[in-house]
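Student: Before I ask anything, let me first share the structure, which is written out below as structure tokens.
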Amino acid sequence: MNPNQLTDQLGLFLDVLESGSFSAASRRHPLTPSAVARRIDSLESAVGSQLFIRSTHAVLATPAGLAFAERARRIVAELQLARAEAVSLSSAPEGLIRIDAPAAFGRRHLAPVIADFLVLYPGLDVQLHLIDSFVDMAGSNLGKVDLVLRAGQMADTRLVATPLASMVRIACASPDYLKRRGVPSVPGQLSSHDGLDWDGLAPPFAWRFELNGQMQLHRPARIRMSANNAEALVCGALAGLGIAHLPTWLASEYLLRGELLPLFCESGLPNPESTGIYALRMEQQKNSRSRLLLEYLKSRFSPVPPWDLALQRDLGRH
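Sequential numbering from 1231 applies to the sequence shown in the working numbering.
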């Protein structure tokens, strides 16, 4: 098995572990659920141990599967870094990488990782331009910059998208709000609550919840505040105005500190969305500098982003 095949196989195993089903994992790969099941069977045969307990409702990791997952995450990260380092050594990259990225994600997650990257590769420089837009960003600055980060469906076939991180969205509210108004136990009860929502174009999975294998729309009836910026919605949620449906890359720090409380997470985090966070480049743009940075970003943000790993551990303690 070559390194790419090993990365794909372990990545598929980790996707099944995180999503809890073959169907959910298949949506992240060009595979059917039955093909995912066959590949997991093959992996279990190669490992010599049962990694999952299958039932009609869920696929749960065995103790051996959980132990294997810790090793698998490290192996995937090391293989991605090894590829990045091989690119570095073969082409000795030097020069400038220009990036446009959404401000909130850039401040919280991207800038610290780029700083680590630049320490490792002193011949490279990065020009990071933080902008307001994230959802439905068209990559209009490509040509002026090397990479643009965005989230959502890919529409422009001229652009090459490199997946960097999965996207999980979670309903949450402040302890004060939930004390005053009560805690909804199922998404259908959101209609009796206040909320915070997008003004204008909303993310495609906002207020959509997977129930009985189908995506269903459930929203609060009264919107106390709407905004075209996710950080503004966080401010409203922290102030106790209502329930927000936020991406975990944005809400994780507040959830971990208990300033926001997660809803509908009794079985763990919701499944990742079928879209994610991507780095875009023009098809003809391809240089060793950008490839090296992309491999490094993938090693830090996938297969499971660090903010989701922290939330999973925190939910497991409750």
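We treat Cβ as the ideally placed atom computed from N, Cα and C, and that holds for glycine.
Let me check understanding here. Comparing Cα to Cα, which of TRP1537, TRP1479 and SER1520 lies closest to ALA1381?
Tutor: When TRP1537, TRP1479 and SER1520 are compared, the shortest CA-CA separation from ALA1381 is found for TRP1479.
Student: In its own chain, which residues sit with a C-beta less than 6 Å from the C-beta of SER1396, not counting the 5 before and 5 after it?
Tutor: Closer than 6 Å at the Cβ level, and outside the excluded window around SER1396, lie PRO1502 and GLY1506.
Student: Whether or not the region 1341-1352 and the region 1292-1302 are in contact is what I'm after, with contact meaning three or more pairs of Cβ atoms, one per stretch, closer than 8 Å; do they touch?
Tutor: Contact fails: fewer than three Cβ-Cβ distances are below 8 Å.
Student: Under DSSP, the beta strand (DSSP E) around GLY1325 begins and ends at which residues?
Tutor: 1325-1332
Student: Report back the beta-carbon spacing between LEU1377 and ALA1509 to the nearest angstrom; my notes put them in contact at under 8 Å.
Tutor: 5 Å
Student: So PHE1214 and PHE1435 are supposed to be a Cβ contact under 8 Å. How far apart are they, rounded?
Tutor: Residue 1214 is absent from the structure shown; the chain starts at 1231 and stops at 1548.
Student: Specify the secondary structure class of CYS1402 as computed by DSSP and reduced to three states.
Tutor: Correct three-state label for CYS1402: strand.
Student: Within the same chain, show all residues whose beta-carbon is closer than 6 Å to that of GLY1430, passing over the 5 residues directly before and after it, in chain order.
Tutor: ASN1458
Student: Terminal residues of the continuous beta strand (DSSP E) containing ILE1453?
Tutor: 1452-1457
Student: Considering only DSSP beta bridges, list what GLY1425 is partnered with.
Tutor: According to DSSP, residue pairing for GLY1425 in a beta bridge involves ILE1453 and ILE1473.
Student: If you pair each beta-carbon of the region 1453-1470 with each one of the region 1519-1534, do three or more pairs fall below 8 Å?
Tutor: Cβ pair count under 8 Å is below three, so no.
Student: Could you confirm whether any beta carbon from chain B is found closer than 8 Å to the beta carbon of ALA1474?
Tutor: No chain B is part of this structure, which consists of one protein chain only.
Student: The alpha helix (DSSP H) with PHE1435 in it runs from where to where?
Tutor: Run containing PHE1435: none; DSSP gives neither H nor E here.
Student: Taking the C-alpha atoms as reference points, what is the distance between VAL1534 and VAL1306?
Tutor: 11 Å
Student: Below 8 Å between beta carbons: does that hold for GLN1357 and LEU1326?
Tutor: yes
Student: Taking 6 Å as the limit between beta carbons, can you name the residues of its chain near SER1272, skipping five residues before and five after?
Tutor: There are no such residues.
Student: So which of ALA1540, ALA1254, GLN1235 and VAL1246 has the shortest CA-CA distance to ASN1442?
Tutor: ALA1254
Student: Can you grab the Cα-Cα spacing for the pair GLY1241 / ARG1268, in whole Å?
Tutor: 15 Å
Student: Ignore the nearest five residues each way along the sequence and tell me which others in LEU1311's own chain have a CB closer than 8 Å to its CB.
Tutor: GLU1525, TYR1526 and SER1529
Student: Of the residues LEU1354, ARG1338 and PRO1332, which one's Cα is nearest the Cα of ARG1361?
Tutor: Note on identity: in this sequence residue 1361 is Ile, with Arg being the wrong assignment. Comparing Cα-Cα distances from ILE1361 to each of LEU1354, ARG1338 and PRO1332, the minimum goes to PRO1332.
Student: Tell me which same chain residues have a C-beta within less than 6 Å of the C-beta of ARG1511, skipping the five on either side of it?
Tutor: LEU1377 and VAL1390
Student: Might you give, ordered along the chain, the residues of its own chain that have their beta carbon closer than 6 Å to the beta carbon of THR1237, omitting 5 neighbours on each side?
Tutor: VAL1306 and LEU1309
Student: Alpha carbon to alpha carbon, how far is PRO1450 from LEU1420?
Tutor: 5 Å
Student: Of all the options PHE1243, PRO1414 and SER1256, which has the alpha carbon lying nearest to the alpha carbon of VAL1277?
Tutor: For VAL1277, the closest alpha carbon among the candidates PHE1243, PRO1414 and SER1256 is that of PHE1243.
Student: Among ARG1303, ARG1411, ALA1460 and PRO1417, which residue has its Cα nearest to the Cα of ALA1432?
Tutor: ALA1460
Student: In angstroms with no decimal places, state the Cα-to-Cα distance between ARG1410 and PHE1531.
Tutor: 37 Å
Student: Under a three-way DSSP split, which group does MET1367 fall into?
Tutor: Any reading at MET1367 needs caution, since the residue's pLDDT is 44, under 50, leaving its predicted position unreliable; the model's value is listed next. Reduced to three states, the DSSP call for MET1367 is coil.
Student: Which same chain residues end up closer than 7 Å to THR1262 when comparing Cβ atoms and leaving out the 5 residues on each side of it in sequence?
Tutor: SER1256
Student: What would DSSP say about VAL1534, mapped onto helix, strand or coil?
Tutor: coil
Student: By the three-class DSSP mapping on this structure, what secondary structure does PRO1352 have?
Tutor: Coil, per DSSP.
Student: By DSSP's criteria, MET1445 is part of a beta bridge. Which residues make up the other side?
Tutor: GLU1440
Student: Apply the 10 Å Cβ neighbour rule to ILE1473 and answer buried if 16 or more other Cβ atoms are within range, or exposed otherwise.
Tutor: Within 10 angstroms of the beta-carbon of ILE1473 lie 16 or more other beta-carbons, which makes it buried.
Student: So, under 8 Å CB-CB, VAL1398 and PRO1477 are touching, yes? Tell me the CB distance rounded to an integer number of Å.
Tutor: Between PRO1477 and VAL1398 the Cβ distance is about 7 Å, and since that is below 8 Å, they are a contact.
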